[in-house]
Amino acid sequence: MTGLNVTILPEDDPILAQAVLDGGGAVIPLGEQTEGIVWTVPHSPERLGALLDAHPRVRWVQLPFAGVDAFIPIFRDSIAWTSAKGAYSEPVAEFALALTLGALRELPRRARATEWGDKSGTMLYGLNVLVIGAGGIAQEFI
555 MTGLNVTILP EDDPILAQAV LDGGGAVIPL GEQTEGIVWT VPHSPERLGA LLDAHPRVRW
615 VQLPFAGVDA FIPIFRDSIA WTSAKGAYSE PVAEFALALT LGALRELPRR ARATEWGDKS
675 GTMLYGLNVL VIGAGGIAQE FI
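When we follow my numbering, the leftmost residue of the sequence shown carries the number 555, and every step to the right adds one.
Structure (structure tokens):
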């Protein structure tokens, strides 16, 4: 979307502004020249819908997350919609793995213990693991 006039809403974000500039776009205040919107919060679809109604030149909207179901009622065929699908897969999968291993090894109890105690917990070595649901996060987890 090189050369697009982009507005970042509802919260200003310098990192996103720099990304727009790096991509060849211009960051502008919301107005008649706005062609793209980078939406910075995972809520308020009604507010975004009202902005789109008031600014018919908008032809691109970037949402900040993968799950866009709440925004489906305001989708318009005349607008290209993009999301951050996959952007969080690696760190969330890594966090899920850490939580899984911590739970299997009884980390909360072990962290508070004042002595080694008896051997306990579950090792994954040599076991089969079932992952239910294989979206982007689960694919990275595997």
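Yeah, the Cβ is synthetic: ideal placement off N, Cα and C, and Gly gets one too.
Beta-carbon separation (whole angstroms), residue i vs residue j, contact threshold 8 Å
| i | j | result |
| --- | --- | --- |
| Val-560 | Gly-590 | 4 Å |
| Gly-557 | Gly-579 | 7 Å |
| Pro-564 | Val-592 | Not a contact, Cβ separation roughly 10 Å. |
| Phe-619 | Ala-634 | Incorrect: roughly 17 Å between the Cβ atoms, too far for contact. |
| Val-581 | Ile-562 | 6 Å |
Residues that residue i bridges to, as DSSP identifies them
| i | result |
| --- | --- |
| Gln-544 | In this structure the chain extends from 555 to 696, so residue 544 is not present and cannot be described. |
| Ala-580 | Asn-559 |
Coarse secondary structure for residue i, derived from DSSP in three states
| i | result |
| --- | --- |
| Met-555 | Since pLDDT at Met-555 reaches only 46, below the 50 mark, its modelled position is unreliable, and no value is offered. |
| Leu-684 | coil |
| Val-560 | strand |
| Val-622 | coil |
Option in the options with minimal Cα separation from residue i
| i | options | result |
| --- | --- | --- |
| Pro-645 | Gly-675, Ala-688, Glu-694 and Trp-635 | Glu-694 |
| Tyr-679 | Arg-659, Asp-672 and Ile-686 | Arg-659 |
| Gly-675 | Leu-661, Leu-681 and Ala-688 | Leu-661 |
| Glu-600 | Val-574, Pro-568 and Phe-625 | Phe-625 |
| Met-677 | Asp-576, Ala-657 and Val-574 | Ala-657 |
Cβ-based neighbour list, residue i, same chain, cut-off 6 Å, excluding 5 preceding and 5 following
| i | result |
| --- | --- |
| Thr-636 | Gln-616 |
| His-609 | Thr-588 |
| Ala-650 | Phe-695 |
| Ala-647 | Ile-691, Glu-694 and Phe-695 |
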